[in-house]
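See structure below.
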Amino acid sequence: MKELQHLNKYFLKYKTHLFIGMVITVAARIFLLFTPRYVKQIFVIVEKALKGDIAQEVFKAELLVAILYIIGAAIVGSILTFFMRQTIINVSRYIEFDLKNEIYNQYQKLSLNFYKKNRTGDLMNRITEDVSSVRMYAGPAIMYSINTFTLFVIVIIYMINASPKLTLYTILPLPILSVIIYKLSKEIHKRSTIVQEYLSKLSTFTQESFSGISVIKAYGIEPQTSTNFNALASESKEKQIRLARVQAWFFPMMILLIGTSNLLVIYIGGMQYIDGEIESLGTIAEFIIYVNMLTWPVATVGWVTSIVQQAEASQKRINEFLKIEPEIKNTKNINTEITGDIIFKNVSFTYDDTNIQALKDISFNVKVGETLAIIGKTGSGKSTILDLIGRLYDIDKGAISINKTNIEKLNLINLRDHIGYVPQDAFLFSDSIKNNIKFGKEDATDDDVISAAKHAQVHKNIMKFNDGYNTVLGERGITLSGGQKQRVSIARAIIKSPKILLFDDCLSAVDTETEEKILKNLNKISKGKTTIIVSHRVSSAKNADKIIVLDNGEIVQEGTHETLINTDGYYKHLYLKQLSETTSNKF
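Structure representation (structure tokens):
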């Protein structure tokens with residue numbers, strides 16, 4: 001139960017609902033317990049009538065009153081049971097809602113390193129399947145526990161008042177049941193944890209398969225993928241069956257023990273009636289109803305125990321992520337003005353997951369309104385610089401300053417709000433093109449959207465679709481070509497009108513003519529803004545105020561386009577190579 005203590009704050013939040021539910025539960029049980037008492041009364045009335053102790057008219061009147069009491073109590077008890085379920089079960093839904101939001105908010109706070117180490121399928125499983133298991137504890141388990149405890153206490157009191165000796169024999173099997181439940185619960189907890197782990201593996205496999213379906217089809221490996229899925233699903237099925245085998249012991253054992261109690265009531269009660277210790281057969285009938293009323297509560301002990309064990313296993317998995325402290329913390333809540341003056345001073349950075357040093361003692365500065373281009377081979381550290389400016393990672397050594405203030409002392413939300421970032425791998429959501437562009441500025445007008453699309457040279461492409469800007473894209477923007485996705489991403493960054501624009505090789509999928517048009521538009525838009533362009537193409541970098549060339553995480557060349565093409569080195573060789581390719585393509 002230690003892991004489930006995390007939910008205590010939610011129980012306190014909804015304590016009023018729970019208290020009302022408990023009161024209704026007690027009232028409902030009391031009304032339902034009128035039935036066995038009046039059944040006994042009916043037996044007493046019938047016995048008196050058979051003996052001739054009461055007149056026929058009195059017998060009918062008393063019998064009718066007893067029946068009406070039973071019906072009335074049953075109706076009131078049923079109504080109260082309905083409100084009991086509405087009150088307590090609704091609380092479980094509120095807690096489910098709050099817990100999912102807590103997990104989702106935690107996911108958003110965690111750094112990129114977390115997502116590199118954990119699979120999407122597992123993250124999804126914890127916020128869906130695991131939370132559903134916890135909800136069963138927060139609702140049905142609590143409701144039936146209150147119900148069982150209340151009914152058990154009241155029934156035992158009634159039974160003792162009717163016949164202490166018969167009560168003792170009736171509840172004799174219950175300690176045996178408690179021992180069995182304890183043993184089975186431990187095994188259920190262990191197997192539930194394994195089941196949840198396999199569900200995460202299954203979710204991860206299917207999520208990756210569906211996301212990469214185009215690659216699977218292109219390589220023709222559907223049969224192999226299907227075989228792998230079947231193997232994983234079979235293992236998951238086997239774990240589920242092993243859990244079900246243990247859970248299957250609960251109800252048969254309970255029915256056996258309750259049946260034993262019924263036999264004891266009939267035998268012991270019958271013997272007591274013969275010996276004159278019990279005045280009426282109605283007492284035996286009353287006890288049989290009591291025992292059968294206890295059947296479901298006692299049965300729910302096993303079911304509730306199973307739910308609690310599964311919930312604890314799930315909450316433990318949830319807590320593992322909730323307890324993780326975000327690596328990137330917002331240390332300042334007050335907004336600060338961001339103008340775009342960026343300084344890197346002796347910055348070094350190593351990725352935790354791979355232990356690869358991406359940057360080594362990097363130093364440069366970009367003034368407000370300037371454009372910096374970064375050129376280099378794949379893996380030279382170009383994209384890492386952009387990630388560090390957005391503070392997606394914290395550096396190992398050195399300092400990054402914006403507006404002459406250390407980046408770690410800036411308001412993180414405010415910083416990122418002033419950055420327009422176009423990643424190398426353009427990501428679009430399964431929404432309309434208009435909403436994907438407005439993602440950068442939710443209050444943007446339709447004119448703003450169209451203007452941004454025109455600057456990104458994608459307006460004409462959009463208008464060719466039947467629904468234009470209202471065209472709904474497939475997952476990850478699969479409806480669009482690579483170049484169109486990149487240009488929509490550029491429009492999304494432009495519409496924010498941020499102080500800092502970061503472009504990470506975002507023109508690699510467009511032709512040189514379109515690239516030239518986009519760059520001209522960006523030159524106009526970026527007036528007064530700090531712009532950093534990462535590219536493999538000299539054509540994207542040539543108009544920048546400064547150019548740095550990276551190799552293996554170090555700056556090997558630095559200067560303007562004119563300076564670098566006249567200096568022997570990587571930039572000049574790349575320029576001549578791309579120039580010759582462009583010339584040959586023309587002919």
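Residue numbers (the UniProt record's numbering): 1 to 587.
For every residue, glycine included, the Cβ atom is placed at its ideal position computed from N, Cα and C.
Quick caveat, the model's predicted, so the values are computed rather than measured.
The alpha helix (DSSP H) spanning A27 covers which residue range?
-> Counting from 1 along the sequence shown, the entry for residue 27 is found at position 27. K15 to L32 is the extent of the alpha helix (DSSP H) around A27.
Measuring CA to CA, which of Y219, K217 and L243 is closest to Y198?
-> Your numbering for residue 198 matches position 198 in the sequence shown. The option with the nearest alpha carbon to Y198 is L243.
Taking the alpha carbon of K9 as the point to measure from, which residue in V58, I45, I75 and D98 has its own alpha carbon closest?
-> As a working mapping, residue 9 is identified with position 9 in the sequence shown. Among V58, I45, I75 and D98, the Cα nearest to that of K9 belongs to D98.
Using a Cβ-Cβ cut-off of 7 angstroms (strictly less than) and excluding sequence neighbours within five positions of P326, which residues of its own chain qualify?
-> As a position in the sequence shown, residue 326 is number 326, starting the count at 1. Around P326: K109, L110 and S111.
DSSP three-state call for A426: helix, strand or coil?
-> Here residue 426 refers to the residue found at position 426 of the sequence shown. Coil, per DSSP.
Would you kindly work out how many angstroms separate the C-alpha atoms of K542 and T560, rounded to a whole number?
-> To locate residue 542, count along the sequence shown from 1; it is residue 542. To locate residue 560, count along the sequence shown from 1; it is residue 560. Their Cα atoms are separated by approximately 8 angstroms.
Where DSSP assigns a beta bridge to D505, which residues make up the other side?
-> To locate residue 505, count along the sequence shown from 1; it is residue 505. In the DSSP output, where bridge partners are listed per residue, D505 has none listed.
Counting only the same chain and skipping the five closest in sequence on each side, list residues whose C-beta sits under 6 angstroms from that of L410.
-> The residue labelled residue 410 in the question sits at position 410 within the sequence shown. Once the five neighbours on either side are set aside, the close Cβ partners of L410 are T336.
DSSP on Y144, reduced to helix/strand/coil?
-> In the sequence shown, residue 144 corresponds to position 144, counting from 1. Correct three-state label for Y144: helix.
The alpha helix (DSSP H) enclosing F114, as first and last residue numbers | Counting from one through the sequence shown, the residue named residue 114 turns up at place 114. L112 to K117 is the extent of the alpha helix (DSSP H) around F114.
Give the secondary structure of N355 by DSSP, where H, G and I count as helix, E and B as strand, and everything else as coil.
-> For the purposes of this step, residue 355 is taken as residue 355 along the sequence shown, with counting starting at 1. Three-state result, N355: coil.
Quick one: residues in its chain with C-beta nearer than 7 angstroms to the C-beta of F587, no 5 flanking neighbours on either side, listed in chain order?
-> In the sequence shown, counting from the first residue as 1, residue 587 sits at position 587. Bear in mind that the predicted position of F587 carries a pLDDT of just 47, short of 50, making it too unreliable to give a figure here.
Closest to R494 by CA distance: which of L550, A453, I70 and L507 is it?
-> Here residue 494 refers to the residue found at position 494 when the sequence shown is read from its first residue. In the sequence as presented, Arg is not what sits at residue 494; that position holds Ile. Among L550, A453, I70 and L507, the Cα nearest to that of I494 is on A453.
Mapping DSSP to helix, strand and coil, what is Q310?
-> Along the sequence shown, read from residue 1 onward, the residue named residue 310 stands at position 310. Helix, per DSSP.
Of the listed residues Q41, V155 and M22, nearest to L64 (C-alpha basis) = As a first step, residue 64 must be located in the sequence shown, where it is residue number 64. Checked all of Q41, V155 and M22; the closest Cα to L64 is Q41.
Starting from S226, trace the alpha helix (DSSP H) both ways and give me its first and last residue.
-> Taking the sequence shown and counting its residues from 1, the one referred to as residue 226 is at position 226. First-last of the alpha helix (DSSP H) with S226: E222 to Q247.
For I525, the first and last residue of its enclosing alpha helix (DSSP H) | By 1-based counting over the sequence shown, the position of residue 525 is 525. That run of the alpha helix (DSSP H) goes T512 to I525.
Can the beta-carbon of G139 be found closer than 8 angstroms to that of I89?
-> Here residue 139 refers to the residue found at position 139 of the sequence shown. Here residue 89 refers to the residue found at position 89 of the sequence shown. Their beta carbons are under 8 angstroms apart, which means G139 touches I89 by this criterion.
C-alpha distance - G369 paired with K527, whole-angstrom precision = Working through the sequence shown from its first residue, we reach residue 369 at position 369. Working through the sequence shown from its first residue, we reach residue 527 at position 527. Rounded to the nearest angstrom, the two C-alpha atoms are 6 angstroms apart.
If we ignore side chains and look at the alpha-carbon of each, how far apart do H418 and K441 end up?
-> Numbered from its first residue, the sequence shown carries residue 418 at position 418. Numbered from its first residue, the sequence shown carries residue 441 at position 441. Cα to Cα, the separation comes out at about 11 angstroms.
Indicate whether T350 and D396 have their beta-carbon atoms separated by less than 8 angstroms.
-> Counting from one through the sequence shown, the residue named residue 350 turns up at place 350. Counting from one through the sequence shown, the residue named residue 396 turns up at place 396. Yes.
For the 8 angstroms Cβ check, are there 3 or more pairs between the stretch 550-557 and the stretch 380-390?
-> yes
Close beta carbons around Q310, own chain, < 6 angstroms, minus the five adjacent residues each side = For the purposes of this step, residue 310 is taken as the residue at position 310 of the sequence shown. S133 and S192, listed in sequence order.
Return the chain-ordered list of same chain residues with a C-beta closer than 7 angstroms to the C-beta of H459, the five sequence neighbours on each side being excluded.
-> Taking the sequence shown and counting its residues from 1, the one referred to as residue 459 is at position 459. So the qualifying residues of the chain are I450 and A453.
Could you give the uninterrupted runs of the alpha helix (DSSP H) lying entirely in the stretch 183-222, keeping only those of 4 residues or more?
-> 213-219
Buried or exposed: where does L168 fall if 16 or more other Cβ atoms within 10 Å of its Cβ makes it buried?
-> Counting from 1 along the sequence shown, the entry for residue 168 is found at position 168. So L168 counts as exposed.
Go through its chain and collect everything with a Cβ distance to F427's Cβ below 8 angstroms, but skip five positions before and after it.
-> Taking the first residue of the sequence shown as position 1, residue 427 is located at position 427. Closer than 8 angstroms at the Cβ level, and outside the excluded window around F427, lie R476, G477 and S489.
Under the rule that 16 or more other beta-carbon atoms within 10 Å means buried, what is residue 596, buried or exposed?
-> Residue 596 cannot be examined here, being either before or after the span of the chain that is shown, 1 to 587.
Would you mind listing the beta strand (DSSP E) stretches within the stretch 355-421 that are 3+ residues and don't spill past its ends, in chain order?
-> 357-366, 371-376 and 397-402
Where do the ends of the beta strand (DSSP E) carrying E558 lie?
-> In the sequence shown, the residue the question calls residue 558 occupies position 558. First-last of the beta strand (DSSP E) with E558: E554 to G559.
Mind checking whether E96 and R135 have CB atoms under 8 angstroms apart?
-> The count along the sequence shown starts at 1 and reaches residue 96 at position 96. The count along the sequence shown starts at 1 and reaches residue 135 at position 135. Yes, Cβ-Cβ distance for E96 and R135 is below 8 angstroms.
Counting only the same chain and skipping the five closest in sequence on each side, list residues whose C-beta sits under 7 angstroms from that of N319.
-> Translated into positions along the sequence shown, residue 319 becomes position 319. Once the five neighbours on either side are set aside, the close Cβ partners of N319 are E3 and H6.
Report yes if the CB atom of Q272 is closer than 8 angstroms to the CB atom of L172, and no otherwise.
-> On the sequence shown, residue 272 is found 272 positions in, with the first residue counted as 1. On the sequence shown, residue 172 is found 172 positions in, with the first residue counted as 1. Their beta carbons are not under 8 angstroms apart, which means Q272 does not touch L172 by this criterion.
Three-state secondary structure (DSSP) at N346?
-> Working through the sequence shown from its first residue, we reach residue 346 at position 346. In this structure, N346 counts as strand in the three-state DSSP scheme.
Whole angstroms is fine: what's the gap from Q196's alpha carbon to S234's?
-> Counted from its first residue, the sequence shown places residue 196 at position 196. Counted from its first residue, the sequence shown places residue 234 at position 234. Looking at the two C-alpha atoms, the distance is approximately 14 angstroms.
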